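Okay, so here's the structure we're looking at.
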Amino acid sequence: MKYNFDEIVERRGTDCLKYDGMAKFYGSDDNLPMWVADMDFRTPDFILDALKKRLEHPVLGYFNHTERFRQAISSWVLRRHNWRIDNDWILFSPGVVPALAAIVLAFTEPHDKIIVQPPVYHPFFYVIENQNRKIIENPLKLDGENYLFDFEDLEMKLKEGAKLLILSNPHNPVGRCWKPEELRKLSEMCLAYNCIVVSDEIHSDLMINGNRHTVTANLSPEIACNTITCMAPSKTFNMAGLSTSEIIVSNEGYREKINHVLTDGIHIHCGNIFGDVGLIAAYENGDEWLAQLLDYLTENVNYAKRFIKEKLPVLKTFNHEATYLLWVDFSDCGLTHAELAKKLVCEAHLALNDGSIFGRGGAKHFRINLACPKSTVTEALIRLEKTFSKYNP
Ligand SMILES: Cc1ncc(COP(=O)(O)O)c(C=O)c1O
735 MKYNFDEIVE
745 RRGTDCLKYD
755 GMAKFYGSDD
765 NLPMWVADMD
775 FRTPDFILDA
785 LKKRLEHPVL
795 GYFNHTERFR
805 QAISSWVLRR
815 HNWRIDNDWI
825 LFSPGVVPAL
835 AAIVLAFTEP
845 HDKIIVQPPV
855 YHPFFYVIEN
865 QNRKIIENPL
875 KLDGENYLFD
885 FEDLEMKLKE
895 GAKLLILSNP
905 HNPVGRCWKP
915 EELRKLSEMC
925 LAYNCIVVSD
935 EIHSDLMING
945 NRHTVTANLS
955 PEIACNTITC
965 MAPSKTFNMA
975 GLSTSEIIVS
985 NEGYREKINH
995 VLTDGIHIHC
1005 GNIFGDVGLI
1015 AAYENGDEWL
1025 AQLLDYLTEN
1035 VNYAKRFIKE
1045 KLPVLKTFNH
1055 EATYLLWVDF
1065 SDCGLTHAEL
1075 AKKLVCEAHL
1085 ALNDGSIFGR
1095 GGAKHFRINL
1105 ACPKSTVTEA
1115 LIRLEKTFSK
1125 YNP
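Just so we're aligned, residue 735 is where the sequence shown starts under my numbering, counting upward by one.
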């Protein structure tokens, strides 16, 4: 079956953050919304149908995460990422960010140090700072069009005694799909300094141009023992509103600690019936839909990059290997960050993510969500061209 990703789905009036929440963040709701990291595509029918079927039963009481739920996850990671796991390694969390917060609680005390690699997904900062832990930055470095780990700096930071490193694999917002040798080096350094790696792999299914995701924990048994993996069907299948994700931990001691926080500590282990139904439907039936989605996203990313290179050389894009979120550098326009942000909203009428939220290295950069019909991407690019081509070299 051929899925139609060109369809424009009217999302306004559904209380969705991307459209109906836009005015609060951008001052008006008449921008083209290319910010919140969800997709404008329909959640696939095999998921919607499963949810409708569950609604045929009239009782929505408490429920258990079943063996089928765990099996759907372990089969998916084996099929998609060549990662063989035991069903017992899986813990439920109502989202990856809540999982990160629980992991911070489980393994650290107030004032303990936790490493992040900016520019990076902003809630990494919140789960550390808002629980009174200390952020240690190991900024990515740029080599031409390629963002890289800075291992020299990492070693210095590890020597300061960090307890955890929160890794974005693949990386949001810069779009790198980290290679096995990069992940191995990072993981082995963390292992040598007793720093646990928390690998946020929520975007791992979203590979562009045929790149292959490497599960950090799958690199060696020693690395597996020191790694906690967070995954979810939410980005892949556009079902973030179902608040359902999985934490996968082979190290039994670590798993017990996290489970203790999730269950006895903050009691967020239950979830909702629809999340489990959606996850099972997604992971059991999603391969063909995902293959077509990845072709479509790859086309959108390559199209946007080509357009920018040809018509807007003042803007810079990077080696983009994963995620539907394109990271764009506006520094050569010669404007301040505030001027750029204002022009984007007031002149281009585009709601993009402001790069400064991602921390160091984010100023004068903006993130564009390309998970939308190609006609929307075209409209966004034309608006960018109208506003910024006068700054072209
Ligand atoms: C790297 C990363 N982690 C986590 C999340 C959000 O996870 P959740 O909605 O499951 O809390 C996002 C959403 O954009 C993300 O990009």
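For each residue, glycine too, the CB sits at the ideal point set by N, CA and C. Just so we're clear, the structure is a prediction, and the values are computed from it rather than from any experiment.
Problem set entry | Cα-Cα separation, residue 1060 to residue 1006 | Taking the first residue of the sequence shown as position 1, residue 1060 is located at position 326. Taking the first residue of the sequence shown as position 1, residue 1006 is located at position 272. Approximately 32 angstroms between the Cα atoms of the pair.
Exercise. Taking Cβ positions, are residue 920 and residue 1041 nearer each other than 7 angstroms?
Worked result: Here the question's residue 920 lines up with position 186 in the sequence shown. Here the question's residue 1041 lines up with position 307 in the sequence shown. No; because the gap between Cβ atoms is not below 7 angstroms, this pair is not in contact.
Exercise. Since residue 981 contacts residue 962 with CB under 8 angstroms, what's their CB separation in whole angstroms?
Worked result: Numbered from 1 along the sequence shown, position 247 holds the residue referred to as residue 981. Numbered from 1 along the sequence shown, position 228 holds the residue referred to as residue 962. Sure, about 6 angstroms apart at Cβ, within 8 angstroms.
Exercise. The beta strand (DSSP E) spanning residue 974 covers which residue range?
Worked result: Counted from its first residue, the sequence shown places residue 974 at position 240. Run containing residue 974: none; DSSP gives neither H nor E here.
Exercise. Can you tell which of 838, 879, 877 has its C-alpha closest to the C-alpha of residue 859?
Worked result: Working through the sequence shown from its first residue, we reach residue 859 at position 125. The option with the nearest alpha carbon to residue 859 is 838.
Exercise. Contact check, residue 768 vs residue 1086 under 8 angstroms by CB: the rounded distance?
Worked result: One-based indexing of the sequence shown puts residue 768 at position 34. One-based indexing of the sequence shown puts residue 1086 at position 352. Right, the Cβ-Cβ distance comes to about 6 angstroms (below 8 angstroms), so this counts as a contact.
Exercise. Residue 824 by DSSP, collapsed to three states: which one?
Worked result: Position 90 of the sequence shown holds residue 824. Residue 824 falls in the strand class under three-state DSSP.
For this session: May I have the straight-line CA-CA distance separating residue 966 from residue 1127, to the nearest angstrom?
Result: Sequence index remark: in the sequence shown, residue 966 carries index 232 (1-based). Sequence index remark: in the sequence shown, residue 1127 carries index 393 (1-based). Roughly 43 angstroms between the two C-alpha positions.
Exercise. Got a sec: does ligand 3 put a non-hydrogen atom nearer than 6 angstroms to the Cβ of residue 975?
Worked result: Because ligand 3 does not appear in the structure shown, any question about it cannot be addressed here, the ligands present being ligand 1.
Exercise. For residue 939, which of 801, 807, 846 has the nearest alpha-carbon?
Worked result: Looking up residue 939 in the sequence shown gives position 205. Comparing Cα positions, the closest option is 807.
Exercise. Does residue 936 come within less than 7 angstroms of chain C when only Cβ atoms are used?
Worked result: The question asks about chain C, but that chain is absent: this structure has only one protein chain.
Exercise. Is residue 1100 helix, strand or coil by DSSP?
Worked result: The residue you call residue 1100 lines up with position 366 of the sequence shown. Three-state DSSP puts residue 1100 in a strand.
Problem set entry | Integer Cβ distance of residue 902 from residue 934, believed to fall under 8 angstroms | Walking along the sequence shown from the start, residue 902 turns up at place 168. Walking along the sequence shown from the start, residue 934 turns up at place 200. Indeed, because the Cβ distance is near 5 angstroms, the residues count as touching under 8 angstroms.
Exercise. Could you check where the alpha helix (DSSP H) with residue 1010 kicks off and where it finishes?
Worked result: To locate residue 1010, count along the sequence shown from 1; it is residue 276. Counting along the chain, the alpha helix (DSSP H) containing residue 1010 begins and ends at 1007-1019.
Exercise. Who are residue 1085's beta bridge partners in DSSP?
Worked result: By 1-based counting over the sequence shown, the position of residue 1085 is 351. DSSP output for residue 1085 lists 767 as bridge partner(s).
Problem set entry | Option in 1108, 977, 1091 with minimal Cα separation from residue 831 | Against the sequence shown, residue 831 aligns to sequence position 97. Selected option, being the one with the closest Cα: 977.
Exercise. Going by DSSP, which residues form a beta bridge with residue 911?
Worked result: Translated into positions along the sequence shown, residue 911 becomes position 177. For residue 911, which the question treats as bridged, DSSP gives no partner whatsoever.
For this session: Please state if the CB of residue 964 and the CB of residue 833 are separated by a distance shorter than 7 angstroms.
Result: As a first step, residue 833 must be located in the sequence shown, where it is residue number 99. As a first step, residue 964 must be located in the sequence shown, where it is residue number 230. Yes.
Exercise. Candidates 945, 924, 923: which alpha carbon is nearest residue 912's?
Worked result: Taking the sequence shown and counting its residues from 1, the one referred to as residue 912 is at position 178. That would be 945, whose Cα lies nearest to the Cα of residue 912.
Exercise. Do residue 771 and ligand 1 come close, with the Cβ less than 6 angstroms from some heavy atom?
Worked result: Translated into the one-based positions of the sequence shown, residue 771 becomes position 37. Yes - ligand 1 has a heavy atom lying nearer than 6 angstroms to the Cβ of residue 771.
For this session: Could you spell out the range, first to last residue, of the beta strand (DSSP E) harbouring residue 854?
Result: Position 120 of the sequence shown, counted from the first residue, corresponds to residue 854. Careful: residue 854 lies outside any beta strand (DSSP E) and carries neither H nor E.
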